[in-house]
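Here the structure is laid out as structure tokens; the discussion comes afterwards.
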Amino acid sequence: MSKLYHFLGSVHFAVSLILSAAFLVILGTFFEAKTGSHLAATEKIYSHPIFLALLILFFINILFSALRRWPFRIKHIPFLITHLGLLMILSGTMIKSLFGLQGTMGLLEGTGKEAVFLNNTQELLIETKEGSHQIPFTKLPTQIGALEVDVVHFAPHSEERTKTWIENGFLYISGLAPIPVKDEIPQPKYDDSWNVFAIRSLHVEETMQTLKKYSYPLIAFIQDPEEHVHLVAVNKEGQTHYEHFPKDQKTIVIYDQGYGGYAVQAEIPFHSKDSHSKTILETPYIPSFALVEPHQKWEENRPLLWLKLSLNDKTEFIALQYDPFGTGLKWAAFQGKYLFRFQPRFVQIPYHVRLRKAKQTLYPNSNQPSGYESDLWITDLRSHVTTEASIRMNQVFETWDGYRFYLANIYPNQETKVKGAQIIINHDPVKYLVTYPGCFMIALGMILLFFIPKKFYLRAQS
Amino acid sequence: MYLIVRCLFIFLLTISCEKTPDSKPNWEEIGGRDEADLSGALIRYPVYRAKVPKKWLRKDPAPFESNFDSTKPLCEFFLDAIRITVHNFPNEKIPPFAQIERWKRQLQPYLPESISILPESQGGFFGFQLEGEGIFKKNPVKMFAWAMQMDPELSQNLETQTNSPLGSYYKQMKASYTIKAVGPPEQMEAHKEEIVLFARSFELIQEIPYE
Numbered sequence: 003m004s005k006l007y008h009f010l011g012s013v014h015f016a017v018s019l020i021l022s023a024a025f026l027v028i029l030g031t032f033f034e035a036k037t038g039s040h041l042a043a044t045e046k047i048y049s050h051p052i053f054l055a056l057l058i059l060f061f062i063n064i065l066f067s068a069l070r071r072w073p074f075r076i077k078h079i080p081f082l083i084t085h086l087g088l089l090m091i092l093s094g095t096m097i098k099s100l101f102g103l104q105g106t107m108g109l110l111e112g113t114g115k116e117a118v119f120l121n122n123t124q125e126l127l128i129e130t131k132e133g134s135h136q137i138p139f140t141k142l143p144t145q146i147g148a149l150e151v152d153v154v155h156f157a158p159h160s161e162e163r164t165k166t167w168i169e170n171g172f173l174y175i176s177g178l179a180p181i182p183v184k185d186e187i188p189q190p191k192y193d194d195s196w197n198v199f200a201i202r203s204l205h206v207e208e209t210m211q212t213l214k215k216y217s218y219p220l221i222a223f224i225q226d227p228e229e230h231v232h233l234v235a236v237n238k239e240g241q242t243h244y245e246h247f248p249k250d251q252k253t254i255v256i257y258d259q260g261y262g263g264y265a266v267q268a269e270i271p272f273h274s275k276d277s278h279s280k281t282i283l284e285t286p287y288i289p290s291f292a293l294v295e296p297h298q299k300w301e302e303n304r305p306l307l308w309l310k311l312s313l314n315d316k317t318e319f320i321a322l323q324y325d326p327f328g329t330g331l332k333w334a335a336f337q338g339k340y341l342f343r344f345q346p347r348f349v350q351i352p353y354h355v356r357l358r359k360a361k362q363t364l365y366p367n368s369n370q371p372s373g374y375e376s377d378l379w380i381t382d383l384r385s386h387v388t389t390e391a392s393i394r395m396n397q398v399f400e401t402w403d404g405y406r407f408y409l410a411n412i413y414p415n416q417e418t419k420v421k422g423a424q425i426i427i428n429h430d431p432v433k434y435l436v437t438y439p440g441c442f443m444i445a446l447g448m449i450l451l452f453f454i455p456k457k458f459y460l461r462a463q464s
Numbered sequence: 005m006y007l008i009v010r011c012l013f014i015f016l017l018t019i020s021c022e023k024t025p026d027s028k029p030n031w032e033e034i035g036g037r038d039e040a041d042l043s044g045a046l047i048r049y050p051v052y053r054a055k056v057p058k059k060w061l062r063k064d065p066a067p068f069e070s071n072f073d074s075t076k077p078l079c080e081f082f083l084d085a086i087r088i089t090v091h092n093f094p095n096e097k098i099p100p101f102a103q104i105e106r107w108k109r110q111l112q113p114y115l116p117e118s119i120s121i122l123p124e125s126q127g128g129f130f131g132f133q134l135e136g137e138g139i140f141k142k143n144p145v146k147m148f149a150w151a152m153q154m155d156p157e158l159s160q161n162l163e164t165q166t167n168s169p170l171g172s173y174y175k176q177m178k179a180s181y182t183i184k185a186v187g188p189p190e191q192m193e194a195h196k197e198e199i200v201l202f203a204r205s206f207e208l209i210q211e212i213p214y215e
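Chains as they are written, first to last, in our numbering: chain F, 3 to 464; chain A, 5 to 215.
What follows is the structure, encoded as structure tokens:
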């Protein structure tokens, strides 16, 4: 027992720990350089149980090496102060990783929030009109009231495809049966009713010119080789209308805040002397996903979660792609009774942050940003005191209780749009109580160790 | 005698240490256009706020005088011969560039190069800042002006809530606004910093609701 006690506090043990830690850090550095992924290096090395065990062993080694000096004498003071400082720094690091916070908040100018998302965490958001539930991914499957949620499949990376109007060889228009896509212009009906065509064409311009010469009312959806859709409408007076729907359609119609689903609309206005007519066509907006090889850089992966949902005697399946900022669309199930989103974990902080202005300065005659700055209102939700704050690169705002606000990014880099800012919020609950005093103790211990002559301690001892 | 001199010295020291008047600008609230409340009575909500230097003279329309007509300013400020006006347009949609073109025509610039137009965004609004020199009402003037409109996504978010009890307030919030400062070129140049600070601090009092 005595041997173990002395070994745990020995220099040999300390050196072997330092070498092991150095080896793991070198490994982590090479791994990060190879993959380009800090997340992968953290998961594989720095958060690995072996690395955490090393930290605990460091703590034991420092503690025992100090205890081995018992009974303590005056000459031990510098050594004990230095070791106490080291123990405080290690404790501070462990407490921060257990109870601290490092989250990100994305804000648009003029808007505010009091929740941050924790990067690279995963949770399932389930919303009803009455309230919401946030279920950590590790707690799935789960049951909320009568709703049962089960994971059918999880893929580490996927790609979203949001084709509109034409999908798998059919044109989908709400209220009409799917119309098969043809490679040539179909035979029209020569009456006053609308002809609706779905055409696949290598030469969209030529096809459109041909259609515009026709003298019967028609609405044609033409898919080009890049899968963009072109709409051409011709009325019986020969008036034409054209609209383009890119593959990744951004403008959508949201029904009942998402509970009623999403759609893409085409508005076909025709004006004549006697009347103004407007035809609105709609297609459901439903994304599809393709499973693809994961990136080496883990941060770029978008996992796909496939869920089986059961409510009473009904079952539905839903595929959800990971939304890394938790700001995208929520998807409805059971005819709009529930909304779902696969997102990072959100945590409330005791501050409400409102972004007033996000500024980006550029180097002269270039689009390269030279600096970022953001003006904020920060309201303490406990005291309701609001503070005006400005943060920029290398200028952090810190509240009285240690919440630190860093500016990470501003987007987009033009003033022609309302800008958004990404703010990193960090909270270390014991920084001023444990970690910083620990650094001070080390500095003090080293000063005493190196600059106070031994004779002084010997004299004090005698 | 020595005691009197000492007391006098301390007195002089004290008065010399008197605080200089605080010249920091104040946050001031600015009302929107008149809206009818549920009983039909006209009501003017405070909608905006901005940092206003203390030496500026402020003139608001009287409470009994309706400001429903958007040609009337919400509020005016005067500084020497400079006039700064704030307008909003809850009932019209005027794109910022159309407003800029109108000001350019009003200004009759000496040279097209004397006009500079820069994009600007803040507080959920985006638009343009115009700076130019020319002849305005037969006088040589310099103009700094901002024409801003709310981001369509944020505006649409407010649009969905126009039937709520706060509907008429939201209508004021999402209105486009303009700030125009006109005055003699040398005075405008001397006070440029505080005018720009005023315009760049101009914002909605209430936060724009957004998920």
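Every residue, glycine too, gets a C-beta built ideally from N, C-alpha and C.
Please decide whether residue i counts as near chain F, where near means a Cβ-Cβ distance under 8 Å.
i: residue 207/A; result: yes
i: residue 123/A; result: yes
i: residue 2/A; result: The question about residue 2/A has no answer here: the residues shown for chain A are numbered 5 through 215.
i: residue 117/A; result: no
i: residue 214/A; result: yes
i: residue 3/A; result: Because residue 3/A is not part of the residues shown, which for chain A are 5 to 215, the question remains open.
i: residue 32/A; result: no
i: residue 158/A; result: yes
i: residue 98/A; result: no
i: residue 54/A; result: no
i: residue 163/A; result: no
i: residue 41/A; result: no
i: residue 73/A; result: no
i: residue 155/A; result: yes
i: residue 80/A; result: no
i: residue 69/A; result: no
List the endpoints of the continuous alpha helix (DSSP H) containing residue i.
i: residue 475/F; result: There is simply no residue 475/F to check, as chain F begins at 3 and stops at 464 in what is shown.
i: residue 205/A; result: 196-205
i: residue 216/A; result: Shown here, chain A extends from 5 to 215; a query on residue 216/A therefore has no answer.
i: residue 439/F; result: 438-453
i: residue 17/F; result: 13-37
i: residue 331/F; result: Neither: residue 331/F is in no alpha helix (DSSP H) and is coded neither H nor E.
i: residue 211/F; result: 206-214
i: residue 4/F; result: 4-10
i: residue 105/A; result: 100-111
i: residue 230/F; result: Segment: none, residue 230/F is in no alpha helix (DSSP H) and carries neither H nor E.
Starting from residue i, follow the beta strand (DSSP E) in both directions and report where the run begins and ends.
i: residue 144/F; result: 144-146
i: residue 354/F; result: 340-364
i: residue 157/F; result: 149-157
i: residue 391/F; result: 387-394
i: residue 200/F; result: 197-202
i: residue 41/F; result: Residue 41/F -> not in any beta strand (DSSP E); alpha helix (DSSP H) instead, spanning 40-43.
With which residues is residue i paired in a DSSP beta bridge?
i: residue 130/A; result: 125/A, 153/A
i: residue 147/A; result: 136/A, 186/A
i: residue 405/F; result: 429/F
i: residue 160/A; result: Partner(s): none; residue 160/A has no beta bridge.
i: residue 163/F; result: 290/F
i: residue 60/A; result: Answer is none; residue 60/A lacks a bridge partner.
i: residue 255/F; result: 265/F
i: residue 208/A; result: 52/A
i: residue 325/F; result: Beta-bridge pairing links residue 325/F to no other residue.
Under 8 Å between C-beta atoms, does residue i make it to chain A?
i: residue 419/F; result: yes
With hydrogens ignored, establish whether the beta-carbon of residue i is closer than 7 Å to any heavy atom of the ligand ZN.
i: residue 147/A; result: Only the bare structure without any ligand can be found here, which leaves the ligand ZN out of the picture.
Legend entry - Interface residues of the region 126-152 of chain A facing chain F [CB-CB below 8 Å]: 126, 127, 128, 129, 130
Legend entry - Residues within the region 344-361 of chain F neighbouring chain A, beta-carbon criterion of under 7 Å: 356, 358, 359
Legend entry - Contiguous beta strand (DSSP E) assignments of at least 3 residues, all confined to the region 72-128 of chain F: 103-110
Inset, instruction - Scan the region 110-123 of chain F for residues whose Cβ lies nearer than 9 Å to a Cβ of chain A and list them as they occur along the chain. - result: 110, 111, 112, 113, 114, 115
Inset, instruction - Can you give me, in chain order, the residues of the region 176-205 of chain A that have a beta carbon less than 9 Å from any beta carbon in chain F? - result: 204, 205
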